[in-house]
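Read through the structure below, which is laid out as structure tokens, and then see the notes.
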Amino acid sequence: PSPKKAALDVDSVRLVFHVDMDCFFAAVVLRKFPQYQDRPVVISHFGKANGTQAEGSYKESTSECATCNYEARKYGIKKGMFLGKVKELCPDVVVLKYDF
Numbered sequence: 034p035s036p037k038k039a040a041l042d043v044d045s046v047r048l049v050f051h052v053d054m055d056c057f058f059a060a061v062v063l064r065k066f067p068q069y070q071d072r073p074v075v076i077s078h079f080g081k082a083n084g085t086q087a088e089g090s091y092k093e094s095t096s097e098c099a100t101c102n103y104e105a106r107k108y109g110i111k112k113g114m115f116l117g118k119v120k121e122l123c124p125d126v127v128v129l130k131y132d133f
């Protein structure tokens, strides 16, 4: 083998790169709303695009949490949860609309 290939075999390192695309999805929405960066945030179709809370009752909503940030995960919130359960776990959660 060439010296270049031999050097790669000897010095090669295995790298594993993990990207949390769910949190990335939430981070993209949060770029428009920096005031919520340090708050628990859920992304859902029930949220409002202007960053204000949607009107109506979360308890009756069949809307699901599409994703959430790490602050929300500290409360046990996970994607796929209904918003009623999300509000039980964290009454102060901010619900924002998809941004795509």
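No gaps in the numbering here: position 85 of the sequence shown is 118 in the numbering used here, and each next residue is one more.
Cβ atoms here follow ideal geometry from the backbone N, Cα and C, with glycine treated the same way.
Model, not experiment: these values are computed from the prediction.
Backbone CA spacing between residue 63 and residue 69 [nearest angstrom]: Taking the first residue of the sequence shown as position 1, residue 63 is located at position 30. Taking the first residue of the sequence shown as position 1, residue 69 is located at position 36. If you take the alpha carbons of residue 63 and residue 69, they lie about 7 Å apart.
Extent of the continuous beta strand (DSSP E) run through residue 48: The residue you call residue 48 lines up with position 15 of the sequence shown. Residue 48 -> no beta strand (DSSP E), and no H or E assigned at all.
Secondary structure of residue 74, DSSP reduced to three states: Looking up residue 74 in the sequence shown gives position 41. Residue 74: strand per DSSP, three-state reduction.
Inter-residue CB distance, residue 122 and residue 109 (contact presumed, cutoff 8 Å): The residue given as residue 122 occupies position 89 in the sequence shown. The residue given as residue 109 occupies position 76 in the sequence shown. Rounded, the Cβ-Cβ distance is 5 Å, consistent with contact.
Boundaries (first-last residue) of the alpha helix (DSSP H) holding residue 126: Taking the first residue of the sequence shown as 1, we reach residue 126 at position 93. DSSP places residue 126 in no alpha helix (DSSP H); its state is neither H nor E.
Straight-line Cα distance separating residue 71 from residue 97: One-based indexing of the sequence shown puts residue 97 at position 64. One-based indexing of the sequence shown puts residue 71 at position 38. About 22 Å.
Residue interval of the alpha helix (DSSP H) (run including residue 103): Within the sequence shown, numbered from 1, the residue matching residue 103 stands at position 70. Residues 103-106.
Nearest candidate by alpha-carbon position, reference residue 78, set 67, 47 and 95: Translated into positions along the sequence shown, residue 78 becomes position 45. Checking every option, the nearest Cα to that of residue 78 belongs to 95.
Spatial distance of residue 124 from residue 103 (CA atoms): Position 91 of the sequence shown, counting from 1, holds the residue named residue 124. Position 70 of the sequence shown, counting from 1, holds the residue named residue 103. Their backbone Cα atoms lie some 16 Å apart in a straight line.
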